[in-house]
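Before any comments, here is the structure.
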Amino acid sequence: MKGDIRHAYVHVPFCRHRCGYCDFTLVAGRDDLFEDYYTALGIELKRLAQPIELDTLYLGGGTPSHLGPEGIRHLFDVLHDVK
Numbered sequence: 174m175k176g177d178i179r180h181a182y183v184h185v186p187f188c189r190h191r192c193g194y195c196d197f198t199l200v201a202g203r204d205d206l207f208e209d210y211y212t213a214l215g216i217e218l219k220r221l222a223q224p225i226e227l228d229t230l231y232l233g234g235g236t237p238s239h240l241g242p243e244g245i246r247h248l249f250d251v252l253h254d255v256k
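For the sequence shown, position 7 (counting from the first letter as 1) is numbered 180 according to the numbering used here, and the numbering increases by one without interruption.
What follows is the structure in structure tokens.
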């Protein structure tokens with residue numbers, strides 16, 4: 174259907190430290206919050222009426238790579254498991 178949402182942005186609000194020029198919403202040095210973030214993201218996504226097929230998924234933040242390879246994998250598991 175024309176006009177369907179085909180792109181999404183997921184904000185990953187974590188960084189090792191806040192850079193002096195940064196004005197983004199983030200938490201620095203709080204890796205202990207990763208699991209809470211995954212849980213909250215999953216809850217928020219389940220509020221959608223139905224799963225969405227995307228052409229593009231943008232990750233931003235913060236520093237999404239700060240999650241590390243396992244964290245990125247976990248993030249994509251959360252995104253994929255929305256039903």
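The beta-carbon is built from N, C-alpha and C at its ideal position, and this holds for glycine as well.
All of these numbers come straight from a predicted model, not from anything done at the bench.
Item to complete: Compare the beta carbon distance of residue 179 and residue 227 with 8 Å and say whether it is the shorter of the two.
Response: By one-based count along the sequence shown, residue 179 stands at place 6. By one-based count along the sequence shown, residue 227 stands at place 54. Yes, these two residues count as a Cβ contact at 8 Å.
Practice prompt. Name the two residues that bound the continuous beta strand (DSSP E) containing residue 229.
Written response: By 1-based counting over the sequence shown, the position of residue 229 is 56. Taken as a continuous stretch (DSSP letters only), the beta strand (DSSP E) holding residue 229 covers 229-234.
Worksheet item: Grouping DSSP H, G and I as helix and E and B as strand, with all else coil, what is residue 182?
Response: For the purposes of this step, residue 182 is taken as the residue at position 9 of the sequence shown. Note: residue 182 maps to strand in three-state DSSP.
Practice prompt. Determine the direct distance from the alpha carbon of residue 177 to that of residue 240, and round the result to whole angstroms.
Written response: The sequence position of residue 240 within the sequence shown is 67, counting from 1. The sequence position of residue 177 within the sequence shown is 4, counting from 1. Answer to the nearest angstrom: the Cα atoms are 30 Å apart.
Discussion item. On the DSSP letters alone, give me the boundaries of the alpha helix (DSSP H) that residue 243 sits inside.
Written reply: Your numbering for residue 243 matches position 70 in the sequence shown. According to the DSSP assignment, residue 243 belongs to the alpha helix (DSSP H) that extends over 241-253.
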